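>
In this note's numbering, the protein residues as written are 42 to 139.
#1: Could you give the DSSP three-state label for residue 99: helix, strand or coil?
#2: Which residue wins for smallest C-alpha separation from residue 71, given the options 86, 60, 122?
#3: Using the three-state DSSP reduction, which class does residue 78 fall into: helix, strand or coil?
#4: Are the beta-carbon atoms of residue 120 and residue 94 separated by less than 7 Å?
#5: Kindly list the residues whose CB is nearer than 6 Å to the CB of residue 90, restricted to its own chain and excluding five residues on each side of it in sequence; keep chain order.
#6: Given a cut-off of 7 Å on the beta-carbon distance, is the pair residue 46 and residue 129 in contact?
#7: Tell me, please, which residues DSSP counts as bridged to residue 110.
#8: Return the chain-ordered list of same chain residues with a C-beta closer than 8 Å to the C-beta of residue 97, the five sequence neighbours on each side being excluded.
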C-alpha cells in the first residue's frame, strides 16, 4: 500500500453519468452510498452495497483508479491502485447526487 496516490494524472474534469448508481438503475438494484470515477464520471455504488459497482468499474477499467465520494458533504478521494484515501487541497467542493 502506498502512502500517497501516484495516479493523480488520471483525474479529468468529469460529468456524473447519472443521479444514482448507473448500473443499479439499469438492473433494478439498490445501493448504500455512491462514488464517482474521476477519469470518466461513472457513478457507481460503494463496497457496502450489494453489487459494488464502483469497484467493478475499476476492475473493468484499470486505467480509472481514482474515485471520489458522491455523497453530500463528503470530500474524500480513494485510489484503488495505491489503496490510499486522501483529500485534494483546492479541489473545490465535492460533487454529490441530488
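The beta-carbon is built from N, C-alpha and C at its ideal position, and this holds for glycine as well. All figures in this text were calculated on a predicted structure; none of them were measured in a lab.
Based on what the coordinates show:
#1: helix
#2: 86
#3: strand
#4: no
#5: 72, 73
#6: no
#7: 76
#8: 64, 85
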